[in-house]
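Before any comments, here is the structure.
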Amino acid sequence: MKTRPLLLALLLALPLFALAQAPNQKSMATVKEVEALERQRFEAQVKKDYAFLEKVFADDLVYTHGSGLQNTKSEYIQSIKDGKSQYGKIDVDALNVRLYNDDKTAVVNGTIRITSPPQPDGSTSVARIKYVVTQIKDKKKGWQVVLWQAQKQAS
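Numbering (the numbering used here), first residue to last: 17 to 171.
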């Protein structure tokens with residue numbers, strides 16, 4: 017008979033556990049904001065929108081390519097200007113945002129396909145990339161990419 021009150025208490029508390037696990041509306045809005053910024057950043061890389069890239073990359077950015085090459089913010093943006101980093105198209109296949117530090121830190125992991133610009137013969141190549149990016153929300157600058165790590169996947 018003593019188990020009935022305990023069982024009843026657990027059943028009554030169950031909805032509270034479910035509510036505690038559910039993300040709040042502010043967090044969901046932040047996830048959507050970071051997802052949109054990821055897509056905008058990829059678009060800016062394709063379109064060579066240097067002003068946008070200057071804005072979203074933190075001054076202390078560490079950008080590690082799938083090849084293992086590592087760049088600072090200025091080196092990476094310069095590599096796009098010089099044509100060393102070329103993007104014909106970037107398609108997002110998967111995107112997952114996890115928030116930390118009262119929604120001021122976002123860790124994003126995903127899978128993208130980077131299509132090279134057409135070569136003189138019209139051919140293109142596609143690289144499948146898994147990546148992790150860390151973004152920090154700065155009070156003045158907004159979301160800033162501080163770390164990018166990519167790994168090429170088998171075709």
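Think of the CB as a built atom: it goes at the ideal place given N, C-alpha and C, for glycine as much as any other residue.
Is Q151 close to chain D, meaning its C-beta is less than 7 Å from at least one C-beta of that chain?
Annotation note: the requested chain D is absent from the structure, which comprises a single protein chain.
E49 versus A67 - alpha carbon distance
To locate residue 49, count along the sequence shown from 1; it is residue 33. To locate residue 67, count along the sequence shown from 1; it is residue 51. Taking the straight line joining both Cα atoms gives about 19 Å.
Leaving out five residues before and five after R57 in sequence, what residues of the same chain have Cβ atoms less than 8 Å from its Cβ?
As a working mapping, residue 57 is identified with position 41 in the sequence shown. Within the same chain, R57 has close Cβ partners F68, L69, V72, V161.
Would you say K105 and T131 are within 7 Å of each other, going by their C-beta atoms?
Numbered from 1 along the sequence shown, position 89 holds the residue referred to as residue 105. Numbered from 1 along the sequence shown, position 115 holds the residue referred to as residue 131. A contact, by the Cβ cut-off of 7 Å.
Where does the unbroken beta strand (DSSP E) through A122 begin, and where does it stop?
The sequence position of residue 122 within the sequence shown is 106, counting from 1. Element bounds for A122: 121-131.
Assigned secondary structure, T46 (DSSP; H/G/I helix, E/B strand, else coil):
Residue numbering aside, residue 46 sits at position 30 when the sequence shown is read from its first letter. DSSP places T46 in helix when its eight states are reduced to three.
Taking the continuous beta strand (DSSP E) assigned at A143, which residues delimit it?
The count along the sequence shown starts at 1 and reaches residue 143 at position 127. That run of the beta strand (DSSP E) goes 142-154.
Nearest-angstrom Cα separation, counted from Q169 out to L111:
As a first step, residue 111 is located in the sequence shown; it is residue number 95 there, counting from the start. As a first step, residue 169 is located in the sequence shown; it is residue number 153 there, counting from the start. Cα to Cα, the separation comes out at about 16 Å.
From the DSSP output, in three-state form, read off Y16 for me.
No answer is possible for residue 16: it lies beyond the span of the chain, which begins at 17 and ends at 171.
Quick check: does the Cβ of K89 come within less than 6 Å of any heavy atom belonging to the ligand MN?
This structure simply doesn't include the ligand MN, nor any ligand for that matter.
Could you have a look at K157 and say whether DSSP puts it in helix, strand or coil?
Stepping through the sequence shown from its first residue, residue 157 is reached at position 141. Here K157 sits in coil by DSSP.
Under 8 Å Cβ to Cβ from V62, same chain only, skipping five residues before and after it: list those, please.
In the sequence shown, residue 62 corresponds to position 46, counting from 1. Excluding residues within five positions, the ones whose Cβ falls inside 8 Å are Y103, G104, K105, I106.
To which residues of the same chain is D119 closer than 6 Å at the C-beta, ignoring the five residues directly before and after it?
Translated into positions along the sequence shown, residue 119 becomes position 103. Result list for D119: S43, T46, in chain order.
Buried or exposed for A38, please, with buried defined as at least 16 other CB atoms from any protein chain shown within 10 angstroms of its CB.
Indexing the sequence shown from 1 puts residue 38 at position 22. For A38, the pLDDT reaches just 49, beneath the cut-off of 50, and the residue's location in the model is therefore unreliable, leaving the point undetermined.
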